[in-house]
Amino acid sequence: MTRLLALSAVLSVALAIAGCVGGTDPATNVTNLSAQLNGHGYTNDGPATWWWEYDTVKADLGTANDTEVCGYPPEADKRCGPASGGSSSSPVPLSTTVTKLTPNTTYWFRACGQDTNDTGPSCGEALSFKTLAGSSYGFERKWGGSGSGNGQFTNPLDLATDAAGNVYVADSGGDRIQKFSSSGAFLAKWGGPGSGNGQFEEPAGVATDPAGNVYVAERNHRVQKFGSSGAFLTKWGAFGSGDGQFSAPEDIATDSGSNVYVADESNHRIQKFSSSGTFIGKWGTQGAGNGQLSFPNGVATDSTGNVFVADTGNHRIQKFSSSGTFIAKWGAFGSGNGQFWFPTDVATDSAGNLYVADANNNRLQKLSASGAFVTKWGGPGSGDGQFASPQSVTTDAFGNVYVSDIGTNQRVQKFKPTQ
16 MTRLLALSAV LSVALAIAGC VGGTDPATNV TNLSAQLNGH GYTNDGPATW WWEYDTVKAD
76 LGTANDTEVC GYPPEADKRC GPASGGSSSS PVPLSTTVTK LTPNTTYWFR ACGQDTNDTG
136 PSCGEALSFK TLAGSSYGFE RKWGGSGSGN GQFTNPLDLA TDAAGNVYVA DSGGDRIQKF
196 SSSGAFLAKW GGPGSGNGQF EEPAGVATDP AGNVYVAERN HRVQKFGSSG AFLTKWGAFG
256 SGDGQFSAPE DIATDSGSNV YVADESNHRI QKFSSSGTFI GKWGTQGAGN GQLSFPNGVA
316 TDSTGNVFVA DTGNHRIQKF SSSGTFIAKW GAFGSGNGQF WFPTDVATDS AGNLYVADAN
376 NNRLQKLSAS GAFVTKWGGP GSGDGQFASP QSVTTDAFGN VYVSDIGTNQ RVQKFKPTQ
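Using my numbering, you'd call the opening residue of the sequence shown number 16 and step up by one each time.
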């Protein structure tokens, strides 16, 4: 019986399927939120489609309960292909990276393939991997330094990542946005001092949306929207305290629906807009009560639409619904675990954990989605993993954490989970 796709395992853990051999290679590059799935395959007489299946329950593979993903090239129906070439003695590699996993969790996975003549798929051996707990982070790399050249910074006040893992830096003192690869390679820049379209006066916040657009909040009381390469699209805002006006907006975030949230610092509030700048709502007044704010410096969202605010002057983090209803708060002034001293930014990961740039304590703190302390790292200095007033924190889909710090460092540091 002819099968168009057979999956051959490097591990010699093989499964006979209708006269063909199948298997799956081990997962690699495992973090607390992602893993690379590996396999090898070949086609006997033409192209076939192939895909990956994974789940926390081995028995769910091949059922409606599992998760199916493509490798390369991706297709809308979750099938990858066509796959062709290779031989039983020299199979071609099949791999993909899955993200948004749960930390400290065991997953089962396998590769499968099928053509139109098959009554069912040929699948490789089911193997497993365990994601890291995300309770410890190690320094991976850094880039920057004081200056105005490509890849240098003058007060990098905010960071954002996109779906591809690129990193955007609001280079405030340089009046520009710089774009880097996830490894810190300089890719592009745009801006320059001024108040015209595409120019900046102290960009303080940067964010991306699911479509790859880039939003910049400036201290000259406006928001500008760009394409991923820096092409100007639109702008909104002016100085004031009315709806859609700002007084030194300090940070910006988006949600899965491309709504835009602005930390309107000196107005002590959060404002919400559509992706085109239409005012939707606002919340917050100056104070220390639930839902009140004192010079909010940071804002972030999670995958379910909750909004988190670095309530800087109150030394705490507050959690709101997408419409501004107060949900919870964490923190108080201090240097203990879960305490803060002027937290300047907050970020989330796909598992809902929180990361806080604890500026005057010169450290990063990680909290669970419920606000429980998980881990911390840093300390004052210019060595790897040390900070001189960390200003911004962001994450990517692979579990990496990026931090910008100013003072004498003027750089971005990248950290990855180590356990």
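In this text, a Cβ means the ideal position worked out from N, Cα and C, and glycines have one as well.
- Within a 10 Å sphere around the beta-carbon of I342 sit fewer than 16 other beta-carbons, which makes this residue exposed.
- Pairing S281 with A263 gives a Cβ-Cβ distance under 9 Å.
- Between T409 and V229, the C-beta spacing is not below 9 Å.
- DSSP places F241 in the uninterrupted beta strand (DSSP E) bounded by 237-241.
- The straight-line gap separating the alpha-carbon atoms of G135 and L52 is approximately 22 Å.
- Straight across, the Cα-Cα distance linking P405 with A347 is about 18 Å.
- Between W65 and Q129, the alpha-carbon positions lie close to 6 Å from each other.
- Between S271 and P225, the alpha-carbon positions lie close to 7 Å from each other.
- Under the criterion of beta carbons closer than 8 Å, H236 and A253 qualify as touching, at roughly 6 Å.
- The beta-bridge partner set that DSSP reports for H55 consists of P108.
- When DSSP states are grouped into helix, strand and coil, D326 belongs to the strand group.
- Closest option to N352, judged by alpha-carbon separation, among A366, L379, S337, K334: L379.
- Using a 10 angstroms sphere on the CB of N368, the tally of other CB atoms reaches 16 or more, which defines it as buried.
- The alpha carbon of D186 has as its nearest neighbour, out of S407, A148, T433, K431, the alpha carbon of S407.
- The beta carbons of N424 and A403 sit closer together than 9 Å.
- About 14 Å separates the beta carbons of L48 and T121, which is beyond the 8 Å limit, so they are not a contact pair.
- S161 has its alpha-carbon roughly 15 Å from the corresponding atom of I192.
- Cβ-Cβ distances below 8 Å link A141 to T39, K73, L76, W123, F124, R125 in the same chain, with the five nearest sequence neighbours on each side left out; the list follows chain order.
- For the set S150, E233, S337, the Cα lying nearest the Cα of V389 is the one of S150.
- Here G255 is exposed, its C-beta having fewer than 16 other C-beta atoms within 10 Å.
- Between D373 and N312, the C-beta gap is not smaller than 9 Å, which leaves the two residues out of contact.
- Pairing G400 with S104, the inter-Cα distance amounts to about 46 Å.
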